[in-house]
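The structure appears right after this line, and notes come after that.
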Amino acid sequence: MDVLKIATAGSVDDGKSTLIGRLLFETNSITTDKLEAIMASSKKKGLDYVDLSLLTDGLIAEREQGITIDVAHIYFSTPKRKFIIADTPGHFEYTRNMVTGASNANVSMILVDARNGVVEQTFRHFYISCLLRIPNVVVCVNKMDLVDYDQTTFEEIKNAFMDFAEKVRFPGQEISFIPVSSLYGENLVHQSAHMPWYNDAPLLSLLEAIPLEQHLSEEPSRFPVQYVVRPKSEEFHDYRAYAGKVASGLLRKGERVVVLPSGQETTIARIEKFGREIEAAQAKESVNVMLQDDVDISRGDMIVPLSQLPQQSRQLEATICWMDKKPLRAGSTYLLQHGVNTSRAKVSALSNLIEVVTLGADSTVSELKLNEIADVQLKTAKEVFYDSFAENRANGAFILIDEGTNSTVGVGLIK
């Protein structure tokens, strides 16, 4: 079965954790002892119902405050598909957690409180979903029980969301809307008797039917070298191979390739996986690649097909989401981690600080604060072999690392 990766999003108290807990409950994915523990915790808190949000909010601070702080990954399956859900926090100050949680998602599930409608965090999380090129967005209008399951309220929220979405969505992005009540399981697994006006599929059926995005094997082939394998033993006296994970595309035995940055051309002589030879390696497979010629290759170099060369430069333009309390300023220097390749990078200029709600851009920005998004220009110490993030997510993103603290301070998406 294939695996669908889902990232939840939405404002504070929109019911993300409760919705996930209810999904787990309805699909019989909760063990008896865990359910008993949650029932005991709910009773201890004085609740007259089982608080299923406790399934995902595991930190003490989360349970005390009734909010999500850290990203929790939840695994469950149905007879049709496996799922991984990243339960991300809704507070503005934890926007960076939402970015990391959604970075590999196939679906962004945005919750909206039916009482409050579309709010600033709704816009922010949808904008980030578009920035990360998440192909499917499911908007769950939650807590419909608190507005008497009113269809007019649902339609107003849908229209308000689409007014904003049409300005920022990218071609091919699918957006679906579902009215739900996560507390009572309405329209999650089965159709709700309280909302006969909603005739489409419930949430779980929709998630089971969503087609996965274009497979990485259909994108340009990229093989960043992680390690040069030289056993130097009697059994493997002349053995030389290059180990790594295929970031995207498909590598084939006999294919003409180029080694970057040297630009030397050669042919793939052999591809090995777990000690056996294979004819081709697809995206996400970890393999050893042997070349026909002796080429000087080290960690951080990239092997690509002759017909699918990436861009190669020391000057990068990217959109940055800043994740550190210390502001980003022009002239600052960081380590840029792009795949397995690391290089020092200097921030040449900042521009176009994005105001998510109005979609305005401040071109006079002097610094980038925590959770803010802006365009930057970077100058790297050595060449980076990249694709634009829009064309190849696997080879179009990087992180910035503070050398002093070794903390990840920014996420960049190359233009």
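Numbering (full-length UniProt numbering), first residue to last: 1 to 415. Yeah, the Cβ is synthetic: ideal placement off N, Cα and C, and Gly gets one too.
Spatial neighbours of Lys325 in its chain, beta-carbon cut-off 8 Å, leaving aside the 5 residues before and after: So the list reads Leu370, once near-sequence residues are dropped.
According to DSSP, residues forming a beta bridge with Thr267: As a beta-bridge residue in DSSP terms, Thr267 pairs with Arg256.
Element boundaries [alpha helix (DSSP H), containing Gly21]: Annotation for Gly21: the continuous alpha helix (DSSP H) segment containing it runs 16-26.
Unbroken alpha helix (DSSP H) run spanning Phe126, endpoints: Counting along the chain, the alpha helix (DSSP H) containing Phe126 begins and ends at 120-131.
Separation of Val112 from Leu19, as counted between CA atoms: Whole-angstrom Cα-Cα distance: 12 Å.
For Asn104, three-class secondary structure by DSSP: For Asn104, the secondary structure class from DSSP, reduced to helix, strand or coil, is coil.
Beta strand (DSSP E) segments (min. 3 residues) lying fully within the region 146-184: Secondary structure within the region 146-184: the beta strand (DSSP E) runs of 3 or more consecutive residues, fully enclosed, are 174-179 (chain order).
Beta carbon of Arg252 nearer than 8 Å to that of Glu277: Glu277 sits away from Arg252, with the two beta carbons spaced by 8 Å or more.
Ile20 beta carbon near the ligand ATP (any heavy atom closer than 7 Å): The ligand ATP is not part of the structure shown, which contains no ligands of any sort.
Secondary structure of Met98, DSSP reduced to three states: Per DSSP, reduced to three states, the secondary structure at Met98 is helical.
Beta-carbon gap between Ala247 and Asn395 smaller than 8 Å: Yes; because the gap between Cβ atoms is below 8 Å, this pair is in contact.
Three-state class that DSSP yields for Met302 in the structure shown: In the structure shown, the three-state DSSP call for Met302 is strand.
Simplified DSSP assignment, three categories, for Met144: For Met144, the secondary structure class from DSSP, reduced to helix, strand or coil, is helix.
Buried or exposed by the 16-neighbour rule on C-beta atoms within 10 Å, applied to Ser363: Exposure of Ser363 is indicated by the presence of fewer than 16 other C-beta atoms within 10 angstroms of its C-beta.
Exposure of Ser286, with buried meaning 16 or more beta-carbon neighbours within 10 Å: Classification of Ser286: exposed, given that the 10 Å Cβ count is below 16.
Residues near Gly66 in its chain [Cβ-Cβ closer than 6 Å; skip 5 each side]: Because Gly66 sits at a pLDDT of 45, beneath the cut-off of 50, its placement in the model cannot be relied upon, and the point is left open.
Rounded C-alpha distance that separates Tyr127 from Arg96: Distance between the alpha carbons of Tyr127 and Arg96: 13 Å.
Separation of Leu316 from Ser221, as counted between CA atoms: Looking at the two C-alpha atoms, the distance is approximately 21 Å.
Asp87 burial status per 10 Å Cβ neighbour count (16 or more: buried): Under this definition Asp87 is a buried residue.
C-beta atoms of Ala9 and Ser129 nearer than 8 Å: Annotated as proximal: Ala9 and Ser129, with beta-carbon spacing under 8 Å.
Reduced DSSP secondary structure (H/G/I, E/B, other) of Asn395: Assignment of Asn395 by DSSP, reduced to helix, strand and coil, places it in the helix class.
Proximity below 8 Å, CB of Leu368 to CB of Ala374: Yes.
Local conformation of Thr32 per DSSP, three classes: Helix, per DSSP.
Alpha carbon of Tyr386 to alpha carbon of Val138, nearest angstrom: A direct Cα-to-Cα measurement between Tyr386 and Val138 gives close to 31 Å.
Distance CB(Lys5)-CB(Ile110) smaller than 8 Å: No, these two residues do not count as a Cβ contact at 8 Å.
Neighbourhood of Arg230 by C-beta distance below 8 Å, restricted to the same chain and skipping five residues each side: Taken in chain order, the residues that qualify are Tyr239, Arg240.
Endpoints, the beta strand (DSSP E) within which Leu316 is located: If you look at Leu316, you'll find it in the beta strand (DSSP E) that goes 311-322.
Cα-Cα separation between Tyr75 and Phe164, rounded to whole angstroms: Looking at the backbone, the Cα of Tyr75 and that of Phe164 are separated by about 32 Å.
Where Thr8 sits in the DSSP three-state scheme: Judged by DSSP in its simplified three-state form, Thr8 adopts strand.
Span separating the alpha-carbon of Asn136 from that of Gly101: The C-alpha of Gly101 is placed about 15 Å away from the C-alpha of Asn136.
DSSP-derived helix/strand/coil call for Met195: Annotated three-state conformation of Met195 is coil, per DSSP.
Alpha-carbon to alpha-carbon, Gly172 and Val225: If I take the Cα positions, the gap works out to 33 Å.
Whole-angstrom distance between Gly185 and Asn104, CA atom to CA atom: For Asn104 and Gly185, the gap between their C-alpha atoms comes out near 27 Å.
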